[in-house]
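Colleague: Every position in the sequence shown, counted from 1, becomes a number in my numbering once 71 is added.
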Amino acid sequence: MKENRFKSIEDLNATVRAHRHRNVLSRSERAVLNLLSQYSCKTIGESFLAKSTIAELIGKSRRTIIRICNRLESLGIIRQDKRMRETGDRRQTSNLIVILPIEIADVTPECHSEEAPQLNSKSINNTKERTAKPAWIPQSFYNLVSAHHSDVETIEEYWRAAYATTYTYNFTAATKVEIAIDAFYVMKGKRKKLRNPLAFFVGVIKRQAKKRYVTEMFNDYFSEIII
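The structure is reproduced here in structure tokens:
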């Protein structure tokens, strides 16, 4: 399938900035994304950097870079394509990494023959405030919390708390969302009514984040030894 091509380097850079703004990325993930954009200028948006080369330039292990690239791909930021030799046994030689354009949904309203009810500007603004999903809140977390709270401000409050609590940890964006979702499920699983649900939610996140940090640090330590 042919991808939408970037018109210029400026277009590519703007897309990379938009990806960084839309997704909560770790420092290492941002470093990899920036590096890929720097090496994607000959054919705009495409690079053939090997994982070992990225690892050397970033100062991480190859296994860590593989994990980061897989995360970026799962978030819809990049796509990884295997390239094979044209002759011989056609073994894989390298990966083509493509930075994907930002997808913008078509929100053009359909035309209706019936006359729509008249709304003044104040009513329209109030409706937007109640229903509009903030772009900075991950979709999966928003879907979960919005099933229990229709107030967007409440959903924002929960995600701000989750983001602030995990900010100092070098987790991937997906890991932070996973911790927040698990904490929300734990909170909703309490049978008795909570006096301060948000405080309980933050407490669960703190415990899970600390546990996840120790686990990842342990795994990274032994992966470095194995490599």
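Idealized CB from N, CA, C, for every residue including glycine.
Treat the numbers as computed from the prediction; the structure is a model and nothing was measured.
(1) Report all residues from its chain with a CB closer than 6 angstroms to the CB of residue 146; omit the five preceding and five following residues, and keep chain order.
(2) Quick one: any contact between the segment 104 to 111 and the segment 210 to 218, if contact means 3 or more CB pairs under 8 angstroms?
(3) By a C-beta neighbour count over all protein chains shown, 10 Å radius and 16 as the cutoff for buried, is residue 81 buried or exposed?
(4) Just confirm the distance between the C-beta atoms of residue 172 and residue 77, as a whole number of angstroms; I'd bet it's less than 8 angstroms.
(5) So is residue 247 buried or exposed if we call it buried at 16+ other beta carbons inside 10 Å?
(6) So residue 125 is in the alpha helix (DSSP H); what residue range does that whole segment cover?
(7) Just the Cα atoms here: how many angstroms apart are residue 143 and residue 85?
(8) Name the DSSP beta bridge partners of residue 249, please?
(9) Alpha carbon to alpha carbon, what distance is there between residue 263 and residue 135?
(10) With H, G and I counted as helix, E and B as strand and the rest as coil, what does DSSP make of residue 182?
(11) Would a C-beta distance cut-off of 8 angstroms place residue 240 and residue 270 closer than the cut-off?
(12) Given that a residue counts as buried once 16 or more other Cβ atoms are within 10 Å of its Cβ, and exposed if not, what is residue 219?
(13) Hey, quick one: how far does the alpha helix (DSSP H) through residue 139 stretch, first residue to last?
(14) Tell me whether the beta-carbon of residue 66 lies closer than 8 angstroms to the beta-carbon of residue 129.
(15) Among residues of its own chain, excluding the 5 on either side of residue 276, which ones have a beta-carbon nearer than 8 angstroms to its beta-carbon?
(16) Below 8 angstroms between beta carbons: does that hold for residue 122 and residue 138?
(17) Apart from the five residues just before and just after residue 89, which ones in its own chain have a Cβ nearer than 8 angstroms to its Cβ?
Modeller: Walking through what the data contain:
(1) To locate residue 146, count along the sequence shown from 1; it is residue 75. Excluding positions up to five away in sequence, the list reads 94.
(2) At 8 angstroms Cβ cutoff, the stretches do not touch.
(3) For the purposes of this step, residue 81 is taken as the residue at position 10 of the sequence shown. That one is exposed.
(4) Here residue 172 is taken as the residue at index 101 of the sequence shown, counted from 1. Here residue 77 is taken as the residue at index 6 of the sequence shown, counted from 1. About 7 angstroms separates the beta carbons of residue 172 and residue 77, which is inside the 8 angstroms limit, making them a contact pair.
(5) Here residue 247 corresponds to residue number 176 of the sequence shown, with the count starting at 1. Within 10 angstroms of the beta-carbon of residue 247 lie 16 or more other beta-carbons, which makes it buried.
(6) One-based indexing of the sequence shown puts residue 125 at position 54. Residue 125 -> alpha helix (DSSP H) spans 122 to 129.
(7) Counting from 1 along the sequence shown, the entry for residue 143 is found at position 72. Counting from 1 along the sequence shown, the entry for residue 85 is found at position 14. The alpha-carbon atoms of residue 143 and residue 85 are separated by roughly 17 angstroms.
(8) Stepping through the sequence shown from its first residue, residue 249 is reached at position 178. In the DSSP output, where bridge partners are listed per residue, residue 249 has none listed.
(9) By one-based count along the sequence shown, residue 135 stands at place 64. By one-based count along the sequence shown, residue 263 stands at place 192. Rounded to whole angstroms, residue 135 to residue 263 spans 42 angstroms at the Cα level.
(10) One-based indexing of the sequence shown puts residue 182 at position 111. Confidence at residue 182 is low in this model, with a pLDDT of 42, below 50, so the placement of that residue should be treated as unreliable; the coordinate-derived value is given next. Three-state result, residue 182: coil.
(11) Against the sequence shown, residue 240 aligns to sequence position 169. Against the sequence shown, residue 270 aligns to sequence position 199. Result no, Cβ atoms of residue 240 and residue 270 do not sit closer than 8 angstroms.
(12) Residue numbering aside, residue 219 sits at position 148 when the sequence shown is read from its first letter. Residue 219 should be labelled exposed.
(13) On the sequence shown, position 68 is the one that residue 139 refers to. From DSSP, the alpha helix (DSSP H) with residue 139 extends over 133 to 145.
(14) One cannot answer for residue 66 here, as it falls past the ends of the chain, which runs 72 to 298.
(15) For this step, residue 276 is matched to residue 205 along the sequence shown. Hits under 8 angstroms: 232, 233, 236, 237, 250, 251 and 254.
(16) Along the sequence shown, read from residue 1 onward, the residue named residue 122 stands at position 51. Along the sequence shown, read from residue 1 onward, the residue named residue 138 stands at position 67. Not a contact, by the Cβ cut-off of 8 angstroms.
(17) By 1-based counting over the sequence shown, the position of residue 89 is 18. Cβ-Cβ distances below 8 angstroms link residue 89 to 173 in the same chain, with the five nearest sequence neighbours on each side left out; the list follows chain order.
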